[in-house]
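See below for the structure under consideration.
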Amino acid sequence: MKRILMAGLLASAATSAYAQTEVTWWHAMGGELGAKLEEIVAGYNASQDQYNVTPVYKGSYTETMTSAIAAFRAGEQPDIVQVFEVGTGTMMAAEGATYPVYQLMADHGANFDPKAFLPAVVGYYTDTDGNMLSMPFNSSTPILYYNKAAFEAAGLDPETAPKTWAEVEAFSRQILDADAASCGFTSGWISWAQLENFSAWHNLQIGTQENGFASMDSELTLNGPEQARHWENLAKWQKDGIFKYGGPGGGADAAPAFYAGDCAMYMNSSASRAGVMANTEFEVGMGMLPYYEDIEGAPQNSIIGGATLWVLGGQTDAEYEGVANFFSYLSSAEVQADWHQFSGYLPITQAAYELSQEQGYYDQNPGADVAIKQITLNEPTVNSKGLRFGNYVQIRGVIDEEFQALLAGDKTAQEALDALVDRGNVLIKDFVDANG
Amino acid sequence: MQTKRMTFRSHWLPYALIAPQLAVTLIFFIWPAAQAIRQSFLREDPFGLSSRFVGLANYTRLLDNPEYLESFRVTVVFSTATAALSMGLALLLALAVDRIIRANQFYTTLVIWPYAVAPAVAGVLWWFMFNPTIGIFTYILEVVGYDWNDRLNSADAMTLVVVAASWKQISYNFLFFVAGLQSIPMSLREAAAIDGAGPVKRFFTVVFPLLSPTTFFLLVVNITYTMFDTFGIVDATTAGGPNRATNILVYKVYQDGFIGLNLGSSAAQSVILMLIVMALTFVQFRWIERRVQY
């Protein structure tokens with residue numbers, strides 16, 4: 001009995017000592033990025049004493065999103081959840097389950113100017129009226145990393161990245177001939193880098209209805225002759241040993257192949273930079289994605305990936321107050337510049353970009369601005385401002401499957417792309433049907 | 001045989017005694033199963049904000065879907081191969097232990113260990129050993145002249161999941177086979193030996209037929225295992241790939257439901273799986289009853 005009393009006393013003491021409002025944030029940042037995220041949150045918690053943000057690591061992007069949805073169904077949802085860009089369609093369709101960020105910021109009088117954000121980033125997350133639905137946090141775009149030592153060993157200029165796919169092929173052959181590496185290049189995220197970004201970079205349509213931005217009821221059109229040509233080349237290069245497939249999804253085998261020096265070039269997110277720098281013993285150069293010279297309009301601009309923060313419905317006003325306050329902190333130039341410089345994610349506000357310039361970050365780290373230059377290379381067209389389709393998480397899976405069928409020799413590139421468009425369109429129809 | 005019958009004087013006591021068990025069954029088995037059945041007739045958005053009754057649409061969609069039928073075929077191949085491999089090896093090991101006089105307890109303990117390994121951990125172990133880039137088996141196979149790549153080659157991927165799933169199940173099968181072998185009277189084997197039957201002949205004419213109830217029981221248990229408990233292994237090794245080559249039914253339930261958030265279709269698939277396990281259980285009980293008869 002005495003013990004129970006003691007416990008009760010302790011508990012009441014604890015609540016009075018922590019009169020702060022608790023805000024939970026489910027995220028998908030593991031490793032170095034996760035540690036940095038926690039550091040940012042700790043900085044916020046120390047900066048004021050009204051709110052306490054608790055970050056919780058929930059695994060991969062898919063796991064984080066699905067657990068948040070499951071939690072919502074059970075009424076146990078967090079205040080903030082980090083959702084990757086392909087989950088955007090699903091989150092947008094769930095009106096009532098989310099609290100749009102523009103509204104949250106307005107309701108709680110937070111200091112917030114959507115115009116401060118980079119258009120290339122924010123355009124991805126606004127509704128048809130231009131309202132920002134979620135808070136950009138970590139956006140990146142695929143770029144090309146290359147092993148300078150291998151380039152040098154093969155007699156190539158270590159300061160020049162290949163610009164075109166013809167050069168990628170020629171450089172790779174030279175590297176293989178000189179035995180400077182056992183494969184020319186590998187790539188993470190086949191779906192994102194070698195199909196979606198490939199299309200945007202060459203100003204090719206990804207889907208109808210402005211790549212799905214204008215209406216959910218859209219269809220994929222990724223099976224054009226240019227995409228087929230690229231995939232056919234990848235399959236051919238895989239046979240020749242120029243290209244090495246890194247696996248589905250993010251491509252778990254791609255990074256180690258580059259780190260170990262097996263592959264001399266590597267295409268992946270600009271946010272892979274921290275990992276590349278930490279894991280390589282050779283000097284690494286960075287360049288923009290390669291393009292086919294003879295395709296008109298290339299290079300256009302690349303599109304982003306990464307994630308934004310969605311605010312879920314059903315919480316108290318006090319908690320939303322805290323979320324708005326935290327978001328203001330999070331998008332401040334100092335925090336953003338720090339996060340951008342550490343991780344390789346794009347600076348999401350103009351101010352953060354300028355601050356990084358002032359701090360001399362790009363002069364000290366050549367190549368760190370490749371991503372932002374690539375994404376802002378040209379004014380985005382309807383084809384290159386991004387994509388938004390329902391059930392896109394699954395469509396990404398379909399892209400991987402069809403790419404595997406191509407590499408296994410079961411299908412030609414055109415057959416694989418036709419099949420993925422057909423299967424993807426069924427999934428989009430399903431989504432419209434379920435949310436209609 | 002005399003039947004023992006206990007009678008309770010009070011009426012409520014027997015019900016009170018079985019209540020906890022009933023509650024557990026209701027909460028953890030019946031209720032979720034009922035939920036799955038209900039869900040399988042609905043079309044719902046991921047957040048559960050809107051849902052509507054669609055009748056059998058989720059089922060007809062599945063049965064019209066070549067991917068689902070392909071998943072059935074993959075499951076049959078996977079189950080058959082895994083059951084055959086794990087039972088075959090377990091029987092060999094059990095026969096070996098049966099002949100050992102000294103330290104067979106020690107060997108038995110060693111063989112049981114894999115059963116204690118969680119499926120996901122077992123999957124990761126094998127994934128590492130067969131990893132196309134860093135795996136030790138990949139390296140050995142390369143020396144032998146085989147270019148192993150479970151990321152692209154469907155046959156390699158299937159082999160990998162079969163090996164991983166079998167390895168885990170060998171212990172369980174082994175225990176039952178050891179027990180089964182021990183229950184075969186020594187006199188029968190000795191009689192056969194005196195009649196001049198060699199070890200192989202003795203095995204096929206005496207031991208194996210007498211072991212058949214155990215074998216059949218294990219067959220049913222193994223097939224159930226391969227169809228339901230191998231999720232972790234598949235998820236950790238191939239994630240159903242390449243190009244759905246190892247996308248077994250239970251993995252597809254997960255993919256469509258948890259990744260794709262298509263709860264209606266996922267529920268319908270669960271119900272179909274539930275029907276399959278019911279059929280298997282039915283067969284098993286019938287057989288065991290028959291066995292008791294003779």
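Chains as they are written, first to last, in this note's numbering: chain A, 1 to 436; chain B, 1 to 294.
All C-beta atoms in this analysis are idealised placements derived from N, C-alpha and C, irrespective of residue type, glycine included.
* To do: Return the Cβ separation of Gly207 of chain A and Ser215 of chain A in integer angstroms, given the expectation that the two are a contact with Cβ distance under 8 Å.
  => Contact flag wrong, Cβ pair sits at about 10 Å.
* To do: Give the straight-line distance between the Cα atoms of Asn211 of chain A and Gln336 of chain A, rounded to the nearest whole angstrom.
  => 29 Å
* Check whether Gly390 of chain A and Ile428 of chain A have beta carbons under 8 Å apart -> yes
* Would Ala16 of chain B be called buried (16 or more neighbouring beta carbons within 10 Å of its own) or exposed? -> exposed
* Span separating the alpha-carbon of Tyr125 of chain A from that of Phe431 of chain A -> 19 Å
* List the residues of chain B that Glu401 of chain A touches, going by C-beta distances under 8 Å, in chain order. => Gly241, Pro242, Asn243, Arg244
* Asked: By how many angstroms is the C-alpha of Thr160 of chain A removed from the C-alpha of Trp339 of chain A?
  -> 28 Å
* Asked: Can you name the residues of chain B whose CB is closer than 8 Å to the CB of Tyr245 of chain A?
  -> Arg151, Leu152
* Closer than 9 Å by beta-carbon distance: list the chain A residues that pair up with Thr237 of chain B, in chain order. => Within 9 Å Cβ-Cβ: nothing; Thr237 of chain B doesn't reach chain A, min ~12 Å.
* Indicate the three-state DSSP secondary structure (helix, strand or coil) for Phe213 of chain A in the structure shown. => coil
* Once you ignore the five residues that flank Ser12 of chain A on each side, which residues in its own chain have a CB closer than 7 Å to its CB? -> Any reading at Ser12 of chain A must be qualified, since the residue scores a pLDDT of 44, below 50, and its modelled position is unreliable; the value itself is stated next. The answer is none, since no qualifying residue turns up.
* Within the same chain, show all residues whose beta-carbon is closer than 7 Å to that of Thr238 of chain B, passing over the 5 residues directly before and after it, in chain order. => Asp150, Ala157, Leu160, Val161, Thr246
* Asked: At least one CB of chain B closer than 8 Å to the CB of Gly250 of chain A: is that the case?
  -> no
* Between Tyr294 of chain B and Leu211 of chain B, what straight-line distance do the alpha-carbon atoms span, to the nearest angstrom? -> Unreliable positioning characterises Tyr294 of chain B in this predicted model, as indicated by a pLDDT of 38, which lies under 50. The coordinate reading is nonetheless provided below. About 14 Å.
* Asked: Quick check: the segment 144 to 156 of chain A against the segment 178 to 194 of chain A, are there 3 or more CB pairs under 8 Å?
  -> yes
* Pick from A:Glu167, A:Asp294, A:Ala166, A:Gln227 that is closest to Glu196 of chain A, judged by C-alpha positions -> A:Gln227
* **Top-ranked residue by Cα proximity to Ala164 of chain B, from B:Val121, B:Ala191, B:Ala192, B:Ile194** => B:Val121
* Does the segment 167 to 178 of chain B come within contact of the segment 113 to 129 of chain B, defined as at least 3 CB pairs closer than 8 Å? -> yes
* Asn138 of chain A, DSSP secondary structure in three states -> strand
* Asked: Rounded to whole angstroms, how far is the Cβ of Val509 of chain A from the Cβ of Pro136 of chain A, which I believe are closer than 8 Å?
  -> Nothing can be reported for residue 509 of chain A: it is not among the residues displayed for chain A, which extend from 1 to 436.
* Is the segment 262 to 281 of chain A close to the segment 9 to 24 of chain B, with three or more CB pairs under 8 Å? -> no
* Asked: Shortest alpha-carbon distance to Trp287 of chain B belongs to which of B:Val253, B:Phe216, B:Ile248?
  -> B:Phe216
* What is the residue span of the alpha helix (DSSP H) that Thr66 of chain A lies within? -> 61 to 73
* Under 8 Å between the Cβ atoms of Ala28 of chain A and Gly59 of chain A? -> yes
* Quick one: which residues of the segment 65 to 90 of chain A get their C-beta closer than 7 Å to a C-beta of chain B? List them in chain order. => Thr66, Ile69, Phe72, Arg73, Thr90
* chain B contact for Pro162 of chain A (CB, 8 Å cutoff) -> no
* Is the Cβ-Cβ distance between Arg43 of chain B and Ala434 of chain A less than 8 Å? -> yes
* Candidates A:Glu402, A:Thr128, A:Trp26: which alpha carbon is nearest Glu415 of chain A's? -> A:Glu402
* Nearest CA to the CA of Met274 of chain B: which residue from B:Gly264, B:Val250, B:Gly260? -> B:Val250
* Asked: At a Cβ threshold of 8 Å, is Thr62 of chain A touching chain B?
  -> yes
* Asked: Where does the unbroken beta strand (DSSP E) through Ser302 of chain A begin, and where does it stop?
  -> Note, Ser302 of chain A: premise wrong, no beta strand (DSSP E); not H, not E.
* To do: Let me know the secondary structure DSSP gives Leu210 of chain B once reduced to three states.
  => helix
* Can the beta-carbon of Ser328 of chain A be found closer than 8 Å to that of Asn111 of chain A? -> yes
* Nearest-angstrom Cβ-Cβ length linking Ile348 of chain A and Leu118 of chain A, presumed shorter than 8 Å -> 6 Å
* **Opposing strand residues paired with Trp310 of chain A [DSSP bridges]** => A:Val81
* To do: Check the Cβ-Cβ distances between Val449 of chain A and every residue of chain B, and say whether any is below 8 Å.
  => Absent from the structure is residue 449 of chain A, since the part of chain A shown begins at 1 and ends at 436.
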